[in-house]
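Protein chains in written order, with the numbering used here: chain A, 107 to 522; chain B, 107 to 522.
Glycine included, C-beta positions come from ideal geometry on N, C-alpha and C.
Just so you know, these numbers come straight off a predicted model, no measurement behind them.
Presented below is the structure to which this report refers.
Number of protein chains: 2
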Amino acid sequence: MTTALTTREEQAARLDAADPLAPLRERFLLPGDVVYLDGNSLGPLPAAVPAALADVVSRQWGTDLIRSWNDNGWWEAPLRIGDAIGSLIGAAPGQTVAGDSTSVQLFTALSAAAALRPDRTLLVTDPGHFPTDRYLAQAVAERRALEVRRVPPADLAPFLAAEGARVAAVSYAPVDFRTGELYDMRALTDAAHRVGALVLWDLCHAAGALPLHLDTLGVDFAVGCGYKFLNGGPGAPGYLYVARRHHEAFETPLTGWNGHADPFGLSREYAPAPGIARARIGTPPILSLLALEAALTVFDGVDMADVRAKSLSLTAFFLDCAGELLAPLGFAPVTPSDPARRGSHVALRHPHARRLARGLADRGVIIDMRAPDILRFGVNALYTTHQDLFSAARRLLDVTREAPQGPPPPSSGPVT
Amino acid sequence: MTTALTTREEQAARLDAADPLAPLRERFLLPGDVVYLDGNSLGPLPAAVPAALADVVSRQWGTDLIRSWNDNGWWEAPLRIGDAIGSLIGAAPGQTVAGDSTSVQLFTALSAAAALRPDRTLLVTDPGHFPTDRYLAQAVAERRALEVRRVPPADLAPFLAAEGARVAAVSYAPVDFRTGELYDMRALTDAAHRVGALVLWDLCHAAGALPLHLDTLGVDFAVGCGYKFLNGGPGAPGYLYVARRHHEAFETPLTGWNGHADPFGLSREYAPAPGIARARIGTPPILSLLALEAALTVFDGVDMADVRAKSLSLTAFFLDCAGELLAPLGFAPVTPSDPARRGSHVALRHPHARRLARGLADRGVIIDMRAPDILRFGVNALYTTHQDLFSAARRLLDVTREAPQGPPPPSSGPVT
């Protein structure tokens, strides 16, 4: 085992030394005593954020006050930042808006999709979809007398062959939030389109982690959060993408005044703004929104293909470590070894997942777990190193060997 | 006129010298060269915010990272800050949640109110209600096959006498956002309740400006924003109050995972959290939310009755100045002179309102205007002085006398 460890440690050092993206780590303020592998839950603090936010607070809010809505571009922020996110997800400008939580954006997207297919009665989601996607699909379905069908992505084609003509929309995520499995966005999008259904993608675990091509694939709707691989800060505003071809027809259920065609005209009746602006809803949380904007500068000059290549190198290395070092201790990988089917985190199954995650945290390795038994190791090519992953594997080995092997302890509060 | 000016200036100085709340101005970082009378649109920067937010960013996010959801109280923030707002609006703890925009909270409140009165078909709003209140009422009405009736508060009693049995909910604001008129919340609430209707109050222009007594009045729902008299920063999260007696029955239309009974259990079906927590929706914008929390400390130890007394002194003084100095130049007050019917801003009507607001801004007096012809002068007893208002009146006199009297120019962009 000592030899295996030494070999892996040397391999990690070699891979990091040859990493062309290594200098990007300087764009983050990572605490020195921590190996952070939970950026798929909360991205770390980009170095550009503190000064940018201090300027927003002290100069823009404190000194320029209300005038900042015009003079410092607050009013345009949801569309400007939407476009910045758009450039990371393959969306041309004018189709993405940022401002509300992913859950609220999901409600808009699902409602709008259903309204565009009024004669169809089914809404398809993944049974393994993140809870909020499932809950909002159910809520929208109940309001519109639709039926939710939970169909795993692998079963979509046969399902559509039988029921496709009744499907209004398919709501999936490219990356399974637990297993880290990456689905074939193009194949699934095409399959839905062939039967006349619309497609909504939840990009929470994909945007900023791998190249996305919404326009090229002809995706209809997409949503995502700002706080995972986009590093926008805790609860950073989510975003909504609506393909331009739907802009004339799409209806927002949340007809807030910011989305009005003439928001300052104070007119009596709601008239939607042209384009994606109609999805603006209310006044957005500017401090959080502008922190996200500053955070997005970590992607300046970065090619997402390079990000993807390094991400795959990182996850492959960790899966190799896990197979060699951890499998004998009861760890089972649930993330596919096929790189084409792997997102940007690795999930290992272990019956003592919760206790082990805590043990790792005590040793300065931050990961997370998803009930009941999944440990998630998130990598972000912008700052994660192979040596981080080696440290995590070695310390997990230590924690597993040293810890008492009792029953899993009960949860003592939220870990998000 | 010179004598009148001198007299008013001396009066302002006397009133300020006798003001027991004068020291509270130190709790704000107001730019020295500006008279800020637009806190009813965007409250100024509280002195406590920059350091608090820097701590949230650098220590809580930067160093503690994901652990802050537990260790720094992020998870509880919407309820904790909801309670802090609750203490300003007469709501006992556990009935108020903060996190989403006022528009989103309105959607929840209107939907929930309608669902609690399923056999009734009318939704009553004020024709002068803020646009987003009207648009969301229309949106909810369309979804639930209700009819919106626009009834001015002054006409509510006769309307209810005729149609009361059909009214599901009455949605009003205590303070008219244009005129500054304050309505009788108790009388209107009681009138609605007598016919079995529910009451929703939009507190945007009231919370933090005057004492409110939601629990005592038996109000059913309330919403409001965090960025006006609560000084929480641009787009600061709004809040939703739901009276405890409705907690068992109320249904949220936006069934986000943060409002689930077991949010980290990842269960398949939505099960609402007990109490107000079910209205949490998605992950809230923590940076904006914790800035709001720091901002609310400006109310520490402050009696809202004192705030109200000073606010009335300020608006009375300005109305007196306007009557004496400005009326001859074509300014007509639209805010009631009766203190019982006055909120915390004064509105003057003038055909050149837009140009005059700009002229005042050029002279360092920040107010706002509402199309087509209303100038709003907002006062906040925590920092506004009588001398601020004297300066505003005097400079408005100058601007009006000096400016060319052409036709009103077209709008050149949003002023919020």
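query: Whose Cβ in chain A lies nearer than 7 Å to the Cβ of B:Leu372?; result: Pro237, Arg476 and Ala477
query: Can you pull out the residues from the stretch 382 to 397 of chain B whose beta carbon lies closer than 8 Å to at least one beta carbon of chain A?; result: Ile387, Gly388, Thr389, Pro390, Pro391, Ile392, Leu393, Ser394, Leu395 and Ala397
query: Which one or two residues does DSSP pair with B:Val471 in a beta bridge?; result: B:Val141
query: In whole angstroms, what separates the C-alpha of B:Thr295 from that of B:Gly270?; result: 13 Å
query: Would you say A:Arg240 lies against chain D (beta-carbon separation less than 8 Å)?; result: In summary, chain D is missing from the structure at hand, where the protein chains are A and B.
query: Taking any Cβ of chain A, which residues in the stretch 437 to 468 of chain B have a Cβ under 8 Å from it, in chain order?; result: Ala467
query: Is the stretch 352 to 364 of chain B in contact with the stretch 333 to 344 of chain B, if contact means three or more CB pairs nearer than 8 Å?; result: no
query: Please indicate yes or no: does the CB of B:His353 lie closer than 7 Å to some heavy atom of the ligand ADP?; result: No copy of the ligand ADP appears in this structure; indeed no ligand is present at all.
query: Would you call the stretch 466 to 476 of chain A in contact with the stretch 113 to 128 of chain B, where contact means no fewer than 3 C-beta pairs closer than 8 Å?; result: no
query: Which two residues bound the contiguous alpha helix (DSSP H) that contains B:Ala253?; result: A small correction: the amino acid at residue 253 of chain B is Glu; Ala does not occupy that position in the sequence shown. B:Glu253 -> not in any alpha helix (DSSP H); beta strand (DSSP E) instead, spanning Glu253 to Arg256.
query: B:Gln244 to B:Val254, Cα distance in whole Å?; result: 6 Å
query: If you reduce the DSSP assignment to three classes, tell me which class A:Gly188 lands in.; result: helix
query: Between which two residues does the beta strand (DSSP E) holding B:His458 run?; result: It is not in any beta strand (DSSP E) - B:His458 carries neither H nor E in the DSSP assignment.
query: If we ignore side chains and look at the alpha-carbon of each, how far apart do B:Gly302 and B:Ala293 end up?; result: 14 Å
query: Nearest CA to the CA of B:Arg173: which residue from A:Pro152, A:Ala198 and A:Gly145?; result: A:Gly145
query: Just the C-alpha distance for A:Leu306 and B:Thr285, rounded to the nearest angstrom, thanks.; result: 44 Å
query: Is the stretch 362 to 377 of chain B in contact with the stretch 308 to 324 of chain A, if contact means three or more CB pairs nearer than 8 Å?; result: no
query: For A:Asp326, does the count of other Cβ atoms within 10 angstroms reach 16, so buried, or fall short, so exposed?; result: buried
query: Within 10 angstroms of its Cβ, does B:Ser443 collect 16 or more other Cβ (buried), or is it exposed?; result: exposed
query: Label B:Thr113 either buried or exposed according to how many other C-beta atoms from any shown protein chain fall within 10 Å of its C-beta, with 16 as the threshold for buried.; result: exposed
query: In terms of residues, what are the limits of the alpha helix (DSSP H) holding B:Ile387?; result: Where B:Ile387 is concerned, there is no enclosing alpha helix (DSSP H), given that its DSSP letter is neither H nor E.
query: Which value, in whole angstroms, describes the spacing of the CA atoms of B:Ile472 and B:Val141?; result: 6 Å
query: What separation, rounded to the nearest whole angstrom, lies between the Cα atoms of B:Val329 and B:Phe356?; result: 15 Å
query: A:Arg131: which of A:Pro150, A:Ile195 and A:Val210 sits nearest, CA to CA?; result: A:Pro150
query: Report the neighbours of B:Gln244 on chain A: residues whose CB is nearer than 9 Å to its CB, in chain order.; result: Thr361, Glu375 and Tyr376
query: Can A:Thr490 and B:Ser207 be called in contact, C-beta distance under 8 Å?; result: no
query: With a CB to CB cut of under 6 Å and the five nearest residues on each side skipped, what residues in its chain are close to A:Phe283?; result: Phe236 and His311
query: Measure the alpha-carbon distance for B:Val246 versus A:Ser209 and round it to whole angstroms.; result: 18 Å
query: Mapping the DSSP letters down to three states, classify A:Gly436 as helix, strand or coil.; result: coil
query: List the DSSP bridge partners of B:Ser277.; result: B:Thr231 and B:Leu306
query: For chain A, is any of its Cβ atoms less than 8 Å away from the one on B:Phe483?; result: no
query: Which residues bound the alpha helix (DSSP H) around B:Val155?; result: Val155 to Asp161
query: By the 10 Å Cβ neighbour count, where 16 or more other Cβ atoms means buried, how is B:Pro380 classified, buried or exposed?; result: exposed
query: How about B:Val505: is its C-beta nearer than 8 Å to some C-beta of chain A?; result: no
query: Would you verify that the beta carbon of A:Arg249 is, or is not, closer than 8 Å to some beta carbon of chain B?; result: yes
query: Distance, Cα to Cα, B:Gly344 vs B:Ala204?; result: 6 Å
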